[in-house]
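Numbering follows UniProt numbering, in which position 131 of the sequence shown is assigned residue number 131; successive positions increment by one, without gaps.
Where a beta carbon is used, it is the ideal one built from N, C-alpha and C, also for glycine.
What follows is a set of notes on a single structure, which appears directly below.
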Amino acid sequence: MAEELQEHETDLEIEDYRDDQVVAKTHDRINEDLSGEVVKLEEGYVEVRLTTTIDMLADNVGLIHGGFIFSAADYAAMLAVNERNVVLVASDCQFLSPVKLHDEVNIVARVRHKEGRKRNVYVTGHVLDVKVFEGEFKTVITEKHVLKLKLLHDEEALNSGTTPPPPEGSLE
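In structure tokens form, the structure reads like this:
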């Protein structure tokens, strides 16, 4: 697996970056064909464009499944925060208009509130001038990757003298 990860890494040299350029620090393995591509990235702000494809269809009429719109909005929220260990903890979203095959959804995310490790991000999605999505995403920046954190049940198991099972699908 480690070899597989290294094959896909393409690190830019430091001189390849402009001084004013913000570089994405999170979600570096996401499939941008399914979650949108970054158009503009600034501190606390991002624009993502999702071009809908046949793989996103919910039916034979051309309706795109809302999960792909949510995925693009979530991706944008994570990039607006732009911390390596940012995770989504809650969202309040509205799907305001249907999205169809070959639509281009332009998603904008802005960090609206910071408190310690918490960030609230406001996200909108438009197809042309029609707002199709709006949401508030609550995120937390963790000290370590969320899958490497010791969870409460692990600590309880240790206190009781039992060994917790490894997480389902873990590589260990």
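Query                                                                                                                     : Result
Span of the alpha helix (DSSP H), counted from its first residue to its last, around E32                                  : E32 to S35
R117 versus A58: straight-line alpha-carbon distance, rounded                                                             : 37 Å
Where K25 sits in the DSSP three-state scheme                                                                             : coil
DSSP three-state assignment for A90, whether helix, strand or coil                                                        : strand
6 Å Cβ shell around A109 - same chain, five flanking residues per side excluded                                           : V46, A76, A77, A80, V121 and V123
Under 8 Å between C-beta atoms of F95 and F133                                                                            : yes
Option nearest H27 by Cα separation, candidates V87, T51, Q21 and G66                                                     : V87
Sequence-distant residues of the same chain with beta carbon closer than 7 Å to L101, five excluded per side              : T52, I54, L57, G62 and I64
Distance between D92 and K148 (C-alpha atoms, nearest Å)                                                                  : 27 Å
Straight-line Cα distance separating K150 from R49                                                                        : 36 Å
Distance between beta carbons of I107 and residue 178, contact taken as under 8 Å                                         : The chain is shown only over 1 to 172; residue 178 falls outside these bounds and no answer can be derived.
Residue burial classification, R119 (beta-carbon count within 10 angstroms, cutoff 16)                                    : buried
Length at least 3, wholly inside the UniProt domain "Thioesterase" (62–120): the beta strand (DSSP E) runs in chain order : 86–95 and 104–115
Among E143, A24, K144 and R112, nearest to G135 - alpha-carbon criterion                                                  : R112
Given A24 as reference, the closest of N60, K144, E32 and E83 once Cα atoms are compared                                  : E83
Spatial neighbours of P98 in its chain, beta-carbon cut-off 7 Å, leaving aside the 5 residues before and after            : L63
Beta-carbon proximity list for I66, same chain, < 7 Å, skipping 5 on both sides                                           : The amino acid occupying residue 66 in the given sequence is Gly; Ile does not appear at that position. Closer than 7 Å at the Cβ level, and outside the excluded window around G66, lie F95.
Secondary structure of L50, DSSP reduced to three states                                                                  : strand
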